[in-house]
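Chemist: So that we are looking at the same thing, I have put the structure below in structure tokens.
In UniProt numbering, the protein residues as written are 1 to 257.
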């Protein structure tokens, strides 16, 4: 039995709703296909960078229906390990750190995709800012870019639950108070947005391999936490090593960590 696989997809939205394609040639001197926003869909949720790291059940984000969905592959990273990873990177993804050209929603999606499946999102999405700024009229857009960033930092972003490090439940609204100081990551079992990785007891009983799968995921989580406590590895490295060690223990992978 291998560890459980989770499908990972990339939702791609055109924030201009077709206007970029229609107007870009006359405004910029070249055709721009769209103004891209992306989110990573995994574990039944869509994760994206707005006023911080945000998440909603798949298909319910403020952006409507995606223009396209890209299959990124499958991940064997347990959900709670992924949540620890988000906790680690959350200080780098805040409303204050948002930069429309160099640190935006697409950069977040690419980093998360790299962690989950070992590859980033398509280049045509990541390269859009430089493509626009290098266009014949791109330099004239800088004042507009700066004004848009100021608006985003002032809080005019889609209102969706944010990933809160430490004691704040993942399902909390972005309007809630910030996290209280804590040395442990507390889980809120009553959270309506994020279902805890342990799942319900009834579901486990329905699956013959449920108990074994849960045990393996819990061991990967403990190994990951132990490696992170050493303070010498990045979250992506710790997750990879933890998964290999546990799967080697059970004879599923002939690898060394």
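Positions of the beta carbon are idealized from the N, C-alpha and C atoms, including for glycine.
When every heavy atom of the ligand ZN is checked, does at least one fall within less than 7 Å of the C-beta of residue 232?
Modeler: The ligand ZN is not among the ligands present in this structure, which contains no ligands whatsoever.
Chemist: Give every residue of the same chain whose Cβ lies closer than 6 Å to the Cβ of residue 132, excluding the five residues on either side of it in the sequence, and list them in chain order.
Modeler: 138
Chemist: Pick out whichever of 92, 230, 85, 134 has its Cα sitting closest to the Cα of residue 113.
Modeler: 85
Chemist: Anyone know if the C-beta pair for residue 245 and residue 230 falls short of 8 Å?
Modeler: no
Chemist: In three-state DSSP terms, what is residue 78?
Modeler: coil
Chemist: Using only alpha-carbon positions, find the residue among 116, 108, 67 that is nearest to residue 16.
Modeler: 67
Chemist: Tell me which residue opens and which closes the beta strand (DSSP E) that residue 125 is part of.
Modeler: Premise fails: residue 125 lies in the alpha helix (DSSP H), 123–126, not in any beta strand (DSSP E).
Chemist: Classify residue 10 as helix, strand or coil using the three-state DSSP reduction.
Modeler: strand
Chemist: Compute the beta-carbon to beta-carbon distance between residue 126 and residue 8, rounded to the nearest angstrom, for a pair I have assumed lies under 8 Å.
Modeler: That belief does not hold up - the Cβ atoms of residue 126 and residue 8 are roughly 17 Å apart, past 8 Å.
Chemist: I need the straight-line Cα distance from residue 76 to residue 242, nearest angstrom please.
Modeler: 11 Å
Chemist: Helix, strand or coil for residue 137 per DSSP?
Modeler: DSSP places residue 137 in coil when its eight states are reduced to three.
Chemist: Give a yes or no on contact between the segment 34–51 and the segment 95–113, applying the rule of three or more CB pairs nearer than 8 Å.
Modeler: yes
Chemist: Between the Cα of residue 227 and the Cα atoms of 218, 220, 238, which residue gives the shortest distance?
Modeler: 238
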